[in-house]
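Novice: Encoded as structure tokens, here's the structure I'll be asking about.
2 protein chains.
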Amino acid sequence: MEISLRGRTVQASPIRKFKPYADAAAKAGVKVYFLNIGDPDIPTPQPILEAVRSFDDPILSYGPAQGFLELREEIARYFGGYGISLTPDNVIVTCGGSEAILFAFAAVGDPGDEIVIPEPFYTNYNGYASLADLKIVPLTLKVEDGYRLPPVEEFEAKIGPRTKAVVLCSPNNPTGTVYSREEIGRVIRLALDRGLFLIGDEVYKEFVYDGLRHTSILEFDEAADRTIVVDSISKRFSCCGARIGAAISRNPKVYEALLRFAQARLCPPSIEQRAAIAAYKMGLGYFEPVRREYERRRDVLYEGLSAIPGVVVRKPQGAFYMSVRLPVKDSERFVTWMLTEFRLDNETVMVAPESGFYSTPGKGLDEIRMAYVLKEEDIRRGLAVLKAGLEKYRTAVER
Amino acid sequence: MEISLRGRTVQASPIRKFKPYADAAAKAGVKVYFLNIGDPDIPTPQPILEAVRSFDDPILSYGPAQGFLELREEIARYFGGYGISLTPDNVIVTCGGSEAILFAFAAVGDPGDEIVIPEPFYTNYNGYASLADLKIVPLTLKVEDGYRLPPVEEFEAKIGPRTKAVVLCSPNNPTGTVYSREEIGRVIRLALDRGLFLIGDEVYKEFVYDGLRHTSILEFDEAADRTIVVDSISKRFSCCGARIGAAISRNPKVYEALLRFAQARLCPPSIEQRAAIAAYKMGLGYFEPVRREYERRRDVLYEGLSAIPGVVVRKPQGAFYMSVRLPVKDSERFVTWMLTEFRLDNETVMVAPESGFYSTPGKGLDEIRMAYVLKEEDIRRGLAVLKAGLEKYRTAVER
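So the protein sequences, as listed, match chains S and X.
Counting from 294, one number per residue, gives the positions in the first sequence under my numbering.
Counting from 294, one number per residue, gives the positions in the second sequence under my numbering.
Right under this line is the structure:
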């Protein structure tokens, strides 16, 4: 009697696995700057919290499998604000963007089928690929190129008879890269040429800097039958614990499959759906101050990192992550060392080793992902600690 | 470009697919008695609603993947109240019992592997078997036997080289049967003999009548390494929309796999976890009046059905469902007719055709599932409508 192969091989969260070291440090009175995980410190908007607090149904009962109509209308209206025409019947509310990933994966592929994903990529795609038994075929991007998409030939080289879809995350987690309309258009044409689905993880849509604008895969009407968008309110409204996302498709067959998967799990959480409705009713005006705050933080983190000898980083345009090459051989060892041994004035910093964001073995060993989800002064302090740690590590540990 | 086979073949909810007819009837001013779905009318306990309303974190942030420690402690304490010794590290909080089913399925089997389930069974196992690409091997039970478990030889006959687990739901959805300690013990021994996992769906644990007590698969210490329990607060505390369940295992390898699947989706909803903590803190005393209320309803429904000519039903001992054989050829047609054509004093009744609860084709065509989740007077009225409808249907439609 043995557990399943997928149960034995599914990736443990590379972001969370160093948490015990951080907890031990914190318990010992050390101040830890958490720059490892995208859990924003921006307060959850009051309308969300008020919707929760004013929940007054006598029975907390099931909602529809596809989510409340009112929420699906609000989501359609939100996309409409960006010139993307959706109806509520293109939208399935999910338990977090996470569930939308699972449903999308299961709708496009059967066990053993392949999906092409530029790496480094959001590490939880691995967990869902294991669960759905799909094979992720990575396409390696480079920090020196700012993790931009390569020419279409490099995608072509990854496509085989069992390839069912390409996954694009923009603004990207973990690199922060925002793909241009031209870059995304190239992949759209590839999907059309090769009969593939295109899954767009666009949960960081609102976090785009330098005057750029986000391009959604939904803007390409010629590919309306093959684009599936993974969406979420977690980062958009600083409410990661709400677990409200959406899977969006204009292909009736895809929608029907997503809906049936959704029916198996009955419904998304009712209270947070009400909260999400209140969130969307705030309108697009809510986002600008938040966006500016993250843009400022990005500048601080980027400038600070650029000033550290041996660090390689390109200025990302979106999300709230940065992929960074460090002058170390093994960032897992470095992260562990920082949490367990290094202190600067009784402070240390936690970042995420990036090897877990690659599926090609051996890649990303000298890279980390940083999330700029802390206040500017904390980022500055975290940078000072990181810089001092790196110096000491290179002279005392990895000589 | 086609969607996946599982996306094309996953079962549409047989409970929800008649909903549009019911909605149309309701819209036309017809009073519909909903005896089709297990969405209780018992008010959600005040401590749950108060916990929701008093949520005062400034940021609705991620919790741990395995759920809040305090909730896992409460769940362990709850089981302790039934003599089952668990630690918080045996418990993973899930997004509803639904997610626990998915994680359990994925932990025991790989695509193409088989799980044996007595039928009729909770229809959503089908959706999760599709998603995880497991094959359900049904073992058909009979209304005349009160849907009790057959001799072990009948289980043995269903076990092949790819069988990984047996799923037992007790108290059962849709039959209401509560398996005895002896019945469950037989399956435990089978699991030990044949090296199988045993997944126990015990979400109706509190709903047991006639002075019987529920036997959990966790009570069999000799099988501690192979039992996985699917649990949920949905029915227990009349809060189906909360989406808080649990997967429970004392096998460290199983637990690790469940945890990694859980990490991929980050965390269960934070607010409802707080609500669940408040619910468990009410203690076991909460359940008795609720249990008695359902027992009374069961008696009313059972006596009413027994008095209708041609109806075959055995008195079930638990949950709030009853599987019933009707004197009709096709219960889907009957249910549709009831919703679209039959009215008694401008009222009709909705029940669930039971063929969707079988995976053997052609089974259950003359059966329905009824959920006694309405007040006694509504059940009595629903019975009168059902009786009149059946008479008319048999003389006017299915002559």
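Every residue, glycine too, gets a C-beta built ideally from N, C-alpha and C.
Whole angstroms is fine: what's the gap from Ser648(X)'s alpha carbon to Ala484(S)'s?
Specialist: Position 355 of the second sequence, counted from the start, is the residue given in the question as residue 648(X). Position 191 of the first sequence, counted from the start, is the residue given in the question as residue 484(S). Roughly 40 Å separates the two Cα atoms.
Novice: In its own chain, which residues sit with a C-beta less than 7 Å from the C-beta of Leu632(X), not counting the 5 before and 5 after it?
Specialist: Against the second sequence, residue 632(X) aligns to sequence position 339. Closer than 7 Å at the Cβ level, and outside the excluded window around Leu632(X), lie Phe311, Tyr314, Ala315, Ala318, Thr641 and Met643.
Novice: Does the separation of the CB atoms of Ala393(S) and Val523(S) fall below 8 Å?
Specialist: In the first sequence, residue 393(S) corresponds to position 100, counting from 1. In the first sequence, residue 523(S) corresponds to position 230, counting from 1. Contact: yes.
Novice: Which residues of chain S have a Cβ atom closer than 7 Å to the Cβ of Tyr421(X), listed in chain order?
Specialist: Locating residue 421(X) in the second sequence gives position 128, counting from the first residue. Under the 7 Å cutoff, chain S gives Ala557.
Novice: Could you run through the region 347-368 of chain S and flag, in chain order, every residue whose CB is less than 9 Å away from some CB of chain X?
Specialist: Those would be Ser347, Phe348, Asp349, Asp350, Pro351, Ile352, Leu353, Ser354, Tyr355, Gly356, Pro357 and Ala358, in chain order.
Novice: Kindly indicate which three-state DSSP category Val547(S) falls into: helix, strand or coil?
Specialist: Taking the first sequence and counting its residues from 1, the one referred to as residue 547(S) is at position 254. It is helical.
Novice: Indicate whether Ala330(S) and Thr416(S) have their beta-carbon atoms separated by less than 8 Å.
Specialist: In the first sequence, counting from the first residue as 1, residue 330(S) sits at position 37. In the first sequence, counting from the first residue as 1, residue 416(S) sits at position 123. Note that residue 330(S) is Ile in the sequence shown here, rather than Ala. Cβ distance not < 8 Å, so Ile330(S) and Thr416(S) don't count as in contact.
Novice: How about Ala535(X) and Leu362(S): do their beta carbons lie closer than 8 Å?
Specialist: Stepping through the second sequence from its first residue, residue 535(X) is reached at position 242. Stepping through the first sequence from its first residue, residue 362(S) is reached at position 69. Result no, Cβ atoms of Ala535(X) and Leu362(S) do not sit closer than 8 Å.
Novice: Tell me whether Ala539(S), by its Cβ, gets closer than 7 Å to a heavy atom of the ligand NAP.
Specialist: With respect to small molecules bound, the structure shown includes none, and the ligand NAP cannot be examined in it.
Novice: Tell me, which residues are paired with Asp494(S) by DSSP?
Specialist: The sequence position of residue 494(S) within the first sequence is 201, counting from 1. Answer by DSSP bridge pairing, in chain order: Cys462(S) and Val523(S).
Novice: Is the distance from the Cβ of Leu511(S) to the Cβ of Ile377(S) below 8 Å?
Specialist: Residue numbering aside, residue 511(S) sits at position 218 when the first sequence is read from its first letter. Residue numbering aside, residue 377(S) sits at position 84 when the first sequence is read from its first letter. Cβ atoms of Leu511(S) and Ile377(S): closer than 8 Å.
Novice: Arg487(S): buried (16+ other C-beta within 10 angstroms of its C-beta) or exposed?
Specialist: Residue 487(S) sits at position 194 when you count from the first residue of the first sequence. Arg487(S) should be labelled exposed.
Novice: Can you tell me which of the three DSSP states Tyr421(X) falls into?
Specialist: Residue numbering aside, residue 421(X) sits at position 128 when the second sequence is read from its first letter. In this structure, Tyr421(X) counts as helix in the three-state DSSP scheme.
Novice: As a quick exercise: from Glu437(S), Gly373(S), Arg346(S) and Ala358(S), pick the residue whose alpha carbon is nearest that of Val605(S).
Specialist: As a working note, residue 605(S) is residue 312 in the first sequence. Minimum Cα distance to Val605(S) is reached at Glu437(S).
Novice: Just tell me which of Ile296(X), Cys388(X), Val496(X) and Phe500(X) has its CA closest to the CA of Phe554(X).
Specialist: One-based indexing of the second sequence puts residue 554(X) at position 261. Nearest C-alpha to Phe554(X): Cys388(X).
Novice: Just reading off the beta strand (DSSP E) that Val386(S) is part of, what are its end residues?
Specialist: Mapped onto the first sequence, residue 386(S) falls at position 93. Unbroken beta strand (DSSP E) run through Val386(S): Val384 to Thr387.
Novice: Which residues share a DSSP beta bridge with Thr456(X)?
Specialist: As a position in the second sequence, residue 456(X) is number 163, starting the count at 1. Glu407(X).
Novice: According to DSSP, Glu412(S) sits in a beta bridge with which residue or residues?
Specialist: Residue numbering aside, residue 412(S) sits at position 119 when the first sequence is read from its first letter. Glu412(S) is bridged to Thr433(S).
Novice: In chain S, which residues lie with their C-beta within 8 Å of the C-beta of Asn417(X)?
Specialist: Here residue 417(X) refers to the residue found at position 124 of the second sequence. Correct list: Gln556, Ala557, Arg558 and Leu559.
Novice: Going along the chain, which residues of the region 490-501 of chain X sit with their C-beta nearer than 9 Å to a C-beta in chain S?
Specialist: Here the close residues are Phe490.
Novice: Using a Cβ-Cβ cutoff of less than 7 Å, which residues in the same chain neighbour Leu491(S) once the five nearest sequence positions on both sides are dropped?
Specialist: As a working mapping, residue 491(S) is identified with position 198 in the first sequence. Result list for Leu491(S): Ala458, Val459, Leu461, Val480, Ile481, Ala484, Ile510, Ala516, Arg519 and Thr520, in chain order.
Novice: State the DSSP-derived secondary structure class of Gly611(X), mapped to helix, strand or coil.
Specialist: Within the second sequence, the letter at position 318 stands for residue 611(X). Gly611(X) falls in the strand class under three-state DSSP.
Novice: The region 649-665 of chain S: which residues have C-beta closer than 7 Å to a C-beta of chain X, in chain order?
Specialist: Listed by position, the residues of the region 649-665 of chain S near chain X (Cβ gap below 7 Å) amount to none.
Novice: Is it buried or exposed, Gly277(X), if we count other Cβ atoms within 10 angstroms and call 16 or more buried?
Specialist: Coverage of chain X is limited to positions 294 through 692, which leaves residue 277(X) absent and any answer about it impossible.
Novice: Measuring straight from C-alpha to C-alpha, what distance separates Pro545(X) and Pro336(S)?
Specialist: Taking the second sequence and counting its residues from 1, the one referred to as residue 545(X) is at position 252. Taking the first sequence and counting its residues from 1, the one referred to as residue 336(S) is at position 43. For Pro545(X) and Pro336(S), the distance between alpha carbons rounds to 37 Å.
Novice: In terms of alpha-carbon separation, which member of Ala557(X), Leu442(X) and Glu495(X) lies closest to Thr433(X)?
Specialist: The count along the second sequence starts at 1 and reaches residue 433(X) at position 140. Nearest of Ala557(X), Leu442(X) and Glu495(X) to Thr433(X), Cα basis: Leu442(X).
Novice: Assuming Ala425(X) and Gly402(X) make a contact with CB atoms under 8 Å, what is their CB distance in whole Å?
Specialist: Within the second sequence, numbered from 1, the residue matching residue 425(X) stands at position 132. Within the second sequence, numbered from 1, the residue matching residue 402(X) stands at position 109. Rounded, the Cβ-Cβ distance is 7 Å, consistent with contact.
Novice: Determine, for Met575(X), whether the minimum Cβ-Cβ distance to residues of chain S falls below 8 Å.
Specialist: Locating residue 575(X) in the second sequence gives position 282, counting from the first residue. No, its Cβ sits nowhere closer than 8 Å to a Cβ of chain S.
Novice: What residue from Gly493(S), Phe513(S) and Ala569(S) has the CA that sits closest to Gly530(S)'s CA?
Specialist: The residue you call residue 530(S) lines up with position 237 of the first sequence. One detail in the question is off: residue 530(S) reads as Phe in this sequence, not Gly. Out of Gly493(S), Phe513(S) and Ala569(S), Ala569(S) has the C-alpha closest to the C-alpha of Phe530(S).
Novice: Quick check on the burial criterion: 16 or more other C-beta atoms within 10 angstroms. Buried or exposed for Lys498(S)?
Specialist: By one-based count along the first sequence, residue 498(S) stands at place 205. Buried, since its Cβ has 16 or more Cβ neighbours within 10 Å.
Novice: Here's a check: name, in chain order, each residue in its chain whose Cβ is nearer than 6 Å to the Cβ of Thr508(X), leaving out the five neighbours to either side.
Specialist: Here residue 508(X) corresponds to residue number 215 of the second sequence, with the count starting at 1. Around Thr508(X): Arg474 and Ile477.
Novice: Distance check for Val471(S) and Arg506(S), CA to CA, integer angstroms please.
Specialist: Position 213 of the first sequence holds residue 506(S). Position 178 of the first sequence holds residue 471(S). C-alpha separation (whole angstroms): 9 Å.
Novice: How is Ala645(S) classed by DSSP in three states: helix, strand or coil?
Specialist: As a first step, residue 645(S) is located in the first sequence; it is residue number 352 there, counting from the start. In the structure shown, Ala645(S) sits in a strand (DSSP, three-state: E or B).
Novice: Restricting to runs no shorter than 4 residues, where is the alpha helix (DSSP H) found entirely within the region 327-372 of chain X?
Specialist: Within the region 327-372 of chain X, the complete alpha helix (DSSP H) runs of at least 4 residues are 339-346.
Novice: Compare the C-beta of Gly488(S) with all C-beta atoms of chain X and state if any pair is closer than 8 Å.
Specialist: Within the first sequence, numbered from 1, the residue matching residue 488(S) stands at position 195. True, the Cβ-Cβ gap to chain X drops below 8 Å.
Novice: Could you work out which residue in Pro620(S), Ala664(S), Arg590(S) and Ala612(S) is closest to Ile601(S) when comparing CA atoms only?
Specialist: Here residue 601(S) is taken as the residue at index 308 of the first sequence, counted from 1. Measuring from the Cα of Ile601(S), the nearest candidate turns out to be Pro620(S).
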